[in-house]
Amino acid sequence: MIHVDFKDFQDMLSFARQLLGQVEGEKAMQPQRQPAMQQAPVVPTQPAAPVAPTQPTTPMTSVQPTDPVIPTQPAVPTAPAQSITPVAPTQATVPTTSVTYTPDDLARAAFALMDSGRQQELIGLLQQFGVNAIPELKPEQFGAFATALRGMGAQI
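Counting in my numbering, the sequence shown runs without a single skipped number right up to 202 at its last residue.
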């Protein structure tokens with residue numbers, strides 16, 4: 047952003063003529079295409095703070111002191127046109143790994159619970175699964191049984 051302050055109208059006029067390559071007293075020429083000017087980087091003297099956008103200044107080609115000043119509309123920045131394609135929400139899938147348990151894994155966890163005095167709860171759990179002992183469990187029941195043991199506080 048470039049900000050220019052002028053002392054008065056003559057100061058602004060002088061700057062505009064310099065910008066256009068004209069000298070004081072020379073007649074105004076037809077508007078010409080101007081070459082791109084290189085500008086030295088501006089080093090701020092104050093810490094950067096949010097600044098409200100200001101009206102851009104446009105070079106004046108021929109201005110007489112008697113010409114009225116006509117305000118221009120500020121340029122409104124526009125974003126490049128983008129086509130937005132609606133995306134249907136997808137159901138997020140959580141990757142899982144299948145842990146397989148052996149009857150020995152289940153027995154070790156059950157024995158830790160038995161040692162803590164919870165034999166009757168273990169017998170009730172086995173009955174819920176329709177068996178009298180861990181070796182009678184079917185392999186497809188191992189995961190659910192392990193989960194139930196974990197719910198009782200077993201480390202498995």
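Backbone N, C-alpha and C fix where the C-beta goes; we use that ideal spot for every residue, glycine too.
Rounded Cβ spacing between residue i and residue j (contact assumed at less than 8 Å)
i, j, result
"Gln187", "Phe175", "6 Å"
"Ala156", "Leu183", "11 Å between Cβ atoms; not a contact."
"Ala192", "Leu152", "6 Å"
"Leu172", "Asn178", "6 Å"
Whether residue i touches residue j by CB criterion (8 Å)
i, j, result
"Gly189", "Tyr147", "yes"
"Phe52", "Phe61", "yes"
Coarse secondary structure for residue i, derived from DSSP in three states
i, result
"Ile48", "coil"
"Gly67", "coil"
"Ser60", "helix"
"Arg164", "coil"
"Phe55", "helix"
"Ala200", "coil"
"Gln173", "helix"
"Ala156", "helix"
"Ala194", "helix"
"Gln137", "coil"
Neighbour-count burial assignment, residue i, 16 or more Cβ in a 10 Å radius
i, result
"Ile180", "buried"
"Glu70", "Per-residue confidence for Glu70 stands at a pLDDT of 49, beneath the threshold of 50, marking its modelled position as unreliable; the derived number appears in the next sentence. Glu70 should be labelled exposed."
Within-8 Å CB hit, residue i to chain D
i, result
"Tyr147", "Within the model displayed, chain D is absent; a lone protein chain is all it includes."
heavy atom of the ligand MN below 7 Å from residue i C-beta
i, result
"Ala62", "Within the structure as shown, the ligand MN is missing, as the structure has no ligands at all."
Which listed residue (the options) has its alpha carbon closest to that of residue i
i, options, result
"Asp150", "Gly163, Pro185 and Ile48", "Pro185"
"Val145", "Leu65, Val50 and Ile202", "Ile202"
"Ser162", "Leu65, Met58 and Gly199", "Gly199"
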